[in-house]
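Below is one structure, written out as structure tokens, with a few remarks after it.
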Ligand SMILES: Cc1ncc(COP(=O)(O)O)c(C=O)c1O
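Residue numbers (the numbering used here): 1 to 452.
Here it is, written out as structure tokens:
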């Protein structure tokens, strides 16, 4: 028996569907142009599977806070509530609380940076600092230069402000200044406005490399000559495993460099406390943008981080984190050395969380991901770290979270998947598009917030 009314029988199917509005998103026609680039990734669903305990996830870039002494944090928070709770739970300054800005300046001294608390603005993680910087500097269509590859969360910010990202080559020594000079010349010839250079000099996410001092000096000379504003994003700077840290770009030039810092990796990401250190005029503009966005960064979090720094041996805690990550880096490198097939190469991180893997020609890390997850190992395909669809021969492996034994097991499983892909390639030839085809296809979407 038919459930439809006689009138519906007469109506053409397409018109009826349209009337019923079968679109998944009823509001699709109303979004601002800047929202169109904000799309959920098809690989998010796979990452939900990747979070199952039987899968070794080398995908997630979450800080490992297992070693954080919860009793210490608990008593710091307890005391804060009872001694200063009313101030801590009130609105505060748009620039951030004076005590935490002073502590931030002390912390930055570890990287040779001399700064006044007046030039610091507290942000909701360094991620918000980057968002506000882009908001105050970039019009739609402006160019932001980024390393190739670059941090997926930064690409998302630039996309959301409709900037055009131009990637510049990097290698084992970080961003290559002569490639940057070439890009700047080409952009100038094309009449493009370059607003920012976004760079991660230390323990790069996702590439795992650190820029050498010579290159830093060369880069800054070039930035001065071209009057290029450099945004130095440095969340991993204090998590180096070997030797002395290389001076931060900001410590070598205070006019051309805006510095982004964070407590997410040296303390805990859940407090969402980061900061921007900027020349005075920029800092003033940033505070106005911060007030428009949030009124003020969360006061309770700032008090909590300041109290933790004042009452706990945070330098000792950073050493504990470093040793824990170093052990995992060693496990990752030893696993890769034992299990990767010929033709695979990888970077050797001297700090931070990530290794960047380059696959033998013809193997596509994006296409391979479902098979890897079936084999109970996950990674982030390289395409997530490019704005232009490049990166299919690469993947990011994180060693920050799993135990060393699980990391080695993960590399063993990955090695098996790669051997299988190589055999298929031998038998059937390459079914994947070349990097150039992939570029033409445009960007892949961001993988999701838990793979930062
Ligand atoms: C390079 C880089 N910048 C910024 C961030 C954001 O950090 P935060 O937690 O301070 O917002 C991350 C997080 O993983 C990162 O890897």
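The beta carbon of each residue, even a glycine, is placed where N, CA and C say it ideally should be. Since we're looking at a predicted model, the values are computed, not measured.
With contact defined as three or more Cβ pairs closer than 8 Å, the stretch 376-383 and the stretch 51-60 are in contact. Counted as a single uninterrupted DSSP element, the beta strand (DSSP E) harbouring residue 146 occupies residues 143-148. In chain order, the residues positioned with their C-beta nearer than 6 Å to some heavy atom of ligand 1 are 61, 125, 126, 127, 151, 153, 200, 205, 233, 235, 262, 264, 269, 274 and 452. For residue 261, the uninterrupted beta strand (DSSP E) segment begins and ends at 257-262.
Under the 10 Å beta carbon count, residue 233 is surrounded by 16 or more other beta carbons and is classified as buried.
Counting only runs of at least 3 residues, the stretch 311-371 fully encloses the following beta strand (DSSP E) elements, listed from N- to C-terminal order: 354-358. If you compare the alpha carbons of 140, 333 and 272 with that of residue 34, the shortest gap goes to 140. Nearest neighbour of residue 135 by Cα position, chosen from 288, 29, 179 and 170, turns out to be 288. Contact between residue 332 and residue 411 holds: their C-beta atoms lie close to 7 Å from each other, under 8 Å. Each residue's CA atom was taken as its position, placing residue 95 and residue 125 some 14 Å apart.
The continuous alpha helix (DSSP H) containing residue 216 extends over residues 213-226. DSSP places residue 420 within a helical segment (H, G or I) once states are collapsed to three.
In the same chain as residue 193, and ignoring 5 residues on each side of it, the C-beta atoms closer than 6 Å to its own belong to 142, in chain order. Between the stretch 112-124 and the stretch 257-277, the count of Cβ pairs shorter than 8 Å is three or higher; the stretches touch.
When secondary structure is reduced to three states using DSSP, residue 98 falls in the helix class. Following the DSSP letters along the chain, one finds residue 71 in no beta strand (DSSP E) but inside the alpha helix (DSSP H) bounded by residues 70-88. Assigned with DSSP and collapsed to three states, residue 108 falls in helix. Contact between residue 208 and residue 352 holds: CB atoms are separated by about 7 Å, below the 8 Å threshold. Minimum Cα-Cα distance from residue 357 among the listed residues 339, 231 and 196 corresponds to 339. At the C-beta level, residue 104 and residue 261 come within 8 Å of one another. For residue 115, there is no enclosing alpha helix (DSSP H), as DSSP marks it with neither H nor E. Ranking 253, 281, 224 and 166 by CA distance to the CA of residue 385 puts 166 first.
Take the alpha-carbon of residue 426 and the one of residue 284: they are about 60 Å apart.
Within its own chain, the residues whose Cβ lies closer than 6 Å to the Cβ of residue 206, once the five positions on either side in sequence are excluded, are 149, 354, 356, 385 and 396, listed in chain order. For the pair of segments examined, the stretch 219-234 was found not to touch the stretch 81-98: the number of CB pairs separated by less than 8 Å stays below three. DSSP places residue 126 in the uninterrupted alpha helix (DSSP H) bounded by 125-137. Per the Cβ contact rule, the stretch 363-376 is not in contact with the stretch 289-303 (fewer than 3 Cβ pairs under 8 Å).
Residue 37 is a Cβ neighbour of residue 159, given a cutoff of 8 Å. Taking 8 Å as the upper bound for CB-CB distance, residue 196 and residue 168 are not in contact here, some 12 Å apart. Exclusion of the five residues before and after residue 218 leaves 177 as the residues of its chain whose Cβ lies within less than 7 Å of its Cβ. Shown here for residue 383: same chain residues with a beta carbon closer than 6 Å to its own, the five before and five after excluded, namely 366, 391, 392 and 444 in chain order. Residue 199 is positioned such that its CB atom lies closer than 8 Å to that of residue 175.
Under DSSP, residue 381 takes part in a beta bridge, and its partners are 395. Distance from the CA of residue 364 to the CA of residue 346, rounded to the nearest whole angstrom, comes to 16 Å.
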